[in-house]
Structures are given as C-alpha cells and as structure tokens.
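Report on the structure given below.
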Ligand code: GDP
C-alpha cells in the first residue's frame, strides 16, 4: 500500500497533451495555461520557438539550442492544489510519430478547434490515436473573437466526424465583433469578454444568474437571445457525465479566445477537477498501478542534440508507479543492468532543474548515451515490459547510399541508433545489401541525413526506391511462415528489431499478397516491446 504522502502526490497530478490541427491555437493556449499556472509572468515566451516548424534547417537549429527544446517538450506547473504536466507534441506533421508516442504517456488530452475551420485533418488522426487507449478528451473551441461557424453545427461536426459525444460546459454569447463572453452552464455565471493584448490574466466582469437584470443592461437584446439559446442547448445537448468523459465517450466543450486569455480559466479549473490523475498501465505480465510503492517507468521519446558536442540525448520517461528520488538505482530491464539515476532532469516550466523527487504521472529526463530505446522499461528490480507504444508502418521509403563506401560501419551504427530513438525505421531486404529507410514525413529523412553528418561523420544520400507500403508479418503456423518467406523473399526484409516486414512495391501488390496468404497477418502497426 502506498503511504499517505505518495497517494496525495499522485492524486494531484494531471498529465496531458494538446492535440490540434496546425494554426488552431495550440501554442497560444499552451502559453496561456503557463501564464495561468503562474509559470510565466507575461505571455510571449513560448511563441518564439514555433516559427521554426516551417523549415527543416530552423527546426534543426532550434533542437540544438540546448535547453529550449527540453523545457518545451515537457512543462510542469502548479495550478491550485495540482501539479500539471503538459507534454508538447511537434507542430509539424512530418513528426507525427513522435506525437503518437507522446500520447501513450498522457492520461488525458485537450483538443483545440478553430471556430471557423471546425474539425480538420490532423485533429481526426490524433483523435484516432486517443481512441486506441480511450484517452479522455476535453475540447476548447478557439478564436471566438473572430467570425466562425455556428456552435451547434460545430458540435454536430465533432460528434459525427470524431465519434465522441459533446457536452457544452460554457456557451458563447455572440462571436467575432459581437462576441460578449460565455455563459457557464454549471455555475450559472456569465463571464464578460474584453479584448486585451497585455498578456495578463483576464479578469473581466462576472454576472451571476441568467435572470439577473444586469445582463439586460450589459447585453441589451442579446440577453434575451442568450436565455433562449441556453434553454435550447440545455434541452438538446448532452449533459456532462464524468464517467462517460473518463471512458472517452463524451467530451466537455468550452468556448474562448486563447489569444485574449478568455475562457482559459474556466477550462483549466475544470481540467484539474475532472481530468483523470495517473492511470494504470499494462505490461506484458501484469497491470501496474500508480499507487504501487516501487518505481516503474517507460521511455516514450528520445530527443537528441541537446548538446551536439557530447552527442547528448535525453530519454523522456513517464513514471508509472512509485517515487523517483535522485541518485536511486533502477533496473534497465531490457539490458538487465542496474543504473544509477544521478542526473535526471525535471521540467518545472522555465526552469530546467535537477529533480530531487518525482511521482507517478511525472516525466523525468534521463541522459542517454545510446543505451535507451523508445519503449524501454525501468523498475526497482522486477522484470516488466510496458506495452502500448506503437510503431506505425512508414509511408515513405528511401535507399541510403554512402558517398564514401568505407564508412559503412559508421552508417550502420548511426542508423541503428537513430532507429532506436524513433527518428526513422530501417529495413534490410533479405535478398540484397540495401539499407532502406522508412518515414512518415519527408522531413524525417532530412533530419536523419543531417544527424548522420553531424554526429557520425557520414555523408549519405537518399534515393527513391520502389516501395510503397510496409507491413509487419505474423503467422502462427511455422510451416506456412517458412513457405511464405521462401516464396516472397524478394519483397521481405528485416527491420531494426529483427522483425519480418513485407515491403510492397504497390498497393495492388500488397492486396494480392494478402489475398493469396489469408492466414498470414499483415500488420500496419507494431508494438514496441
Ligand atoms: P498552433 O499552430 O496550433 O500552435 O497555433 P498558434 O497558437 O500559433 O496560433 C495560430 C495563429 O492563430 C496565430 O497567428 C495566433 O496569434 C492566432 N490565434 C491563436 N488564438 C487566437 C484567438 O483566440 N483569436 C484570434 N483571433 N487568433 C488567435
């Protein structure tokens, strides 16, 4: 049983990520959450780093700015009695695999939608990933200070496209130039909007109760409209249901304008109240509860180039149970080795300090000199392996060609390392000596080329190759598997974890092979264990 202090620390933790389509306002909202959490004094701090997502060279340069990328990957801030861990996800969709893996390390998500644009492509994909683990999702409809879509239509769209029921918690009064504020359906308070650009926490006027004559004074005709609309909404929309939210079936919806700090406080107040604290996690052998006293955790992300001089990499580890304390010894389960964690990093926003203690739900950063892979488990001795960290079949393929053939060893070492960090995937065909790289986004290849050059002194080019799809192969029947392997060896390869992968030159080819071998599984995702 956990002691009282551990229980208290766990219960007050909230670990989440923001999901959105680019430009919906994730960066702005992140900044405002930090502002409300008192982690930054004035808005404008998080902004600077985002321009970088438009060009690879900028992205690389940014990653190299030691510290900045770390503090922006995980931000911890206190809010009321809670400790909030916000895990950032890369803005550029070419790095979406990183985002998917980060979502395995959170207990809930916050979805930001642009009121004018509604549900967009990235939002849909990210919701699919949330659904894999039934991650609870809260929704913030942003940019109410601009003209946008009708709120009821928007909620219909969320319900039909994202397959999740909506329960409005706040309701907007007008929008664009006529935006007056929001009515809180639970507290019965009307929060008035005033546009500010000072970057301070907004404390607009608050009026209690829909029947309050002050509303008529302040809103004129809009007061009547609001009363009618609220009646309609209360009759027609779902009511908030905590269990349904926690089960990922229903999303509470808030309206606001992140850039004007408006609607953010209501969101954050409910977030710490309703969002789940640290949840149980599955391992190959058993479920691990956050209240267990012994420390466990898994690496979900590896970030390189913190310090190019030292080839420094930081592995981000989500604590799943127990307490981490500085200097403790843990078992690196895959290697069967004991390691002492002397210099783990913590992520109190704006101040990347060294942790003394951290608890279930927190993220710590471990310096990684090439021994930590994505998915690695750390424990106080037990042989556990956390599951659920996915590898997605890449959609783009390139053949790596060395400029200097004598550098083959360095190339192989570099690629193997970059695969373990999840920067790319490597396939070695059974019938040739090619090295085929797979990625989800084209920028990944550029990053790999640059890192091979900087960190491994290998100059290498990437050529197009006749592969369109990859599928991991599984088959229970050993004889069938060996027939399959023999007959289709031209299309088979081994990935960096030693797994058999079918590389299809065309979609039609993949389909035909699947039809011919109905008892062989062709998997588009693979769990990293
Ligand atoms: P991200 O790509 O999701 O991180 O989006 P950003 O936070 O960078 O926002 C994209 C653009 O929308 C920026 O120009 C922001 O200034 C703007 N923006 C963000 N929130 C609001 C808002 O509430 N109202 C208006 N009018 N613009 C906003």
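Residue numbers (the numbering used here): 1090 to 1618.
Backbone N, C-alpha and C define an ideal beta-carbon position, used for all residues, glycine too.
Here the structure is a predicted model, which means the values were calculated and not measured.
Spatial neighbours of residue i in its chain, beta-carbon cut-off 6 Å, leaving aside the 5 residues before and after
{"i": "residue 1550", "result": "1490"}
{"i": "residue 1154", "result": "Because the pLDDT of residue 1154 is 43, which lies under 50, any placement of that residue in the model is unreliable, and the number read from its coordinates should be weighed accordingly. No residues qualify anywhere along the chain."}
{"i": "residue 1115", "result": "1107, 1109, 1201"}
{"i": "residue 1284", "result": "1349"}
{"i": "residue 1286", "result": "Confidence at residue 1286 is low in this model, with a pLDDT of 49, below 50, so the placement of that residue is unreliable and no value is reported for it."}
{"i": "residue 1402", "result": "1391, 1393, 1457"}
{"i": "residue 1134", "result": "The predicted position of residue 1134 is uncertain, since its pLDDT is 44 and thus under 50; a value taken from the coordinates is nonetheless stated next. There are no such residues."}
{"i": "residue 1614", "result": "1479, 1481"}
{"i": "residue 1513", "result": "1507, 1526, 1528, 1533, 1537"}
{"i": "residue 1368", "result": "1196"}
{"i": "residue 1404", "result": "1388, 1391, 1455, 1457, 1461"}
Minimum C-alpha distance to residue i - residue among the options
{"i": "residue 1162", "options": "1393, 1272, 1555", "result": "1393"}
{"i": "residue 1328", "options": "1530, 1465, 1255, 1552", "result": "1255"}
{"i": "residue 1233", "options": "1343, 1245, 1339", "result": "1343"}
{"i": "residue 1189", "options": "1563, 1477, 1500", "result": "1477"}
{"i": "residue 1524", "options": "1532, 1508, 1539", "result": "1508"}
{"i": "residue 1474", "options": "1522, 1422, 1097", "result": "1422"}
{"i": "residue 1099", "options": "1235, 1340, 1303, 1361", "result": "1361"}
{"i": "residue 1267", "options": "1275, 1276, 1281, 1246", "result": "1281"}
{"i": "residue 1542", "options": "1493, 1359, 1430, 1424", "result": "1493"}
{"i": "residue 1318", "options": "1510, 1271, 1519, 1340", "result": "1271"}
{"i": "residue 1195", "options": "1404, 1564, 1534, 1174", "result": "1174"}
{"i": "residue 1351", "options": "1230, 1607, 1102, 1510", "result": "1230"}
{"i": "residue 1102", "options": "1451, 1462, 1414, 1380", "result": "1451"}
{"i": "residue 1187", "options": "1483, 1561, 1505, 1563", "result": "1483"}
{"i": "residue 1605", "options": "1296, 1576, 1518", "result": "1576"}
{"i": "residue 1574", "options": "1515, 1562, 1585", "result": "1562"}
{"i": "residue 1530", "options": "1485, 1504, 1370", "result": "1485"}
{"i": "residue 1381", "options": "1427, 1363, 1412", "result": "1412"}
{"i": "residue 1258", "options": "1432, 1339, 1237", "result": "1339"}
{"i": "residue 1097", "options": "1370, 1301, 1346, 1379", "result": "1379"}
Close Cβ partners of residue i (< 7 Å) along its chain, the five nearest in sequence each way excluded
{"i": "residue 1386", "result": "1406, 1407, 1408, 1409, 1467"}
{"i": "residue 1213", "result": "1250, 1251"}
{"i": "residue 1039", "result": "The question about residue 1039 has no answer, for the chain in this structure spans 1090 to 1618."}
{"i": "residue 1357", "result": "1122, 1125, 1168"}
{"i": "residue 1365", "result": "1196, 1197, 1225, 1335"}
{"i": "residue 1320", "result": "none"}
Cα-Cα separation, residue i to residue j
{"i": "residue 1609", "j": "residue 1273", "result": "54 Å"}
{"i": "residue 1496", "j": "residue 1547", "result": "7 Å"}
{"i": "residue 1582", "j": "residue 1487", "result": "14 Å"}
{"i": "residue 1088", "j": "residue 1104", "result": "The requested residue 1088 does not occur in the structure, where the chain is confined to residues 1090 to 1618."}
{"i": "residue 1559", "j": "residue 1325", "result": "46 Å"}
{"i": "residue 1470", "j": "residue 1419", "result": "7 Å"}
{"i": "residue 1501", "j": "residue 1465", "result": "21 Å"}
{"i": "residue 1094", "j": "residue 1521", "result": "58 Å"}
{"i": "residue 1599", "j": "residue 1336", "result": "36 Å"}
{"i": "residue 1612", "j": "residue 1480", "result": "10 Å"}
{"i": "residue 1164", "j": "residue 1436", "result": "6 Å"}
{"i": "residue 1448", "j": "residue 1580", "result": "47 Å"}
{"i": "residue 1527", "j": "residue 1535", "result": "12 Å"}
{"i": "residue 1333", "j": "residue 1461", "result": "37 Å"}
{"i": "residue 1415", "j": "residue 1376", "result": "26 Å"}
{"i": "residue 1113", "j": "residue 1353", "result": "15 Å"}
{"i": "residue 1323", "j": "residue 1166", "result": "34 Å"}
{"i": "residue 1211", "j": "residue 1316", "result": "35 Å"}
Sequence-distant residues of its chain with Cβ nearer than 8 Å to residue i (five each side left out)
{"i": "residue 1192", "result": "1106, 1108, 1178, 1198, 1215, 1218, 1219, 1222, 1224"}
{"i": "residue 1263", "result": "1269, 1311"}
{"i": "residue 1171", "result": "1101, 1102, 1103, 1361"}
{"i": "residue 1602", "result": "1577, 1580, 1591, 1593, 1611"}
{"i": "residue 1424", "result": "1460"}
{"i": "residue 1373", "result": "1473, 1474, 1476, 1618"}
Test: residue i CB closer than 9 Å to a CB of chain C
{"i": "residue 1495", "result": "Any reference to chain C falls outside this structure, which holds one protein chain only."}
Boundaries of the alpha helix (DSSP H) in which residue i is found, first to last residue
{"i": "residue 1094", "result": "1093-1100"}
{"i": "residue 1598", "result": "1596-1605"}
{"i": "residue 1302", "result": "1302-1308"}
{"i": "residue 1573", "result": "1567-1576"}
{"i": "residue 1116", "result": "1115-1125"}
{"i": "residue 1503", "result": "1497-1509"}
{"i": "residue 1581", "result": "Per DSSP, residue 1581 belongs to no alpha helix (DSSP H); it is in the beta strand (DSSP E), 1581-1584."}
Residue i CB to nearest heavy atom of ligand 2 below 8 Å
{"i": "residue 1187", "result": "For the structure depicted, ligand 2 is absent and the ligand set comprises only ligand 1."}
Segment limits, beta strand (DSSP E) that includes residue i
{"i": "residue 1197", "result": "1197-1203"}
{"i": "residue 1255", "result": "1254-1257"}
{"i": "residue 1610", "result": "1610-1612"}
{"i": "residue 1413", "result": "1412-1414"}
{"i": "residue 1272", "result": "1270-1273"}
{"i": "residue 1296", "result": "1295-1297"}
{"i": "residue 1564", "result": "Counting along the chain, residue 1564 falls outside any beta strand (DSSP E), and DSSP gives it neither H nor E."}
Under 8 Å: do the segment 1580-1596 and the segment 1552-1565 share three or more Cβ pairs, one atom per stretch?
yes
Assess, as a yes-or-no matter, whether the segment 1559-1570 is touched by the segment 1583-1590 under the definition of 3 or more beta carbon pairs within less than 8 Å.
yes
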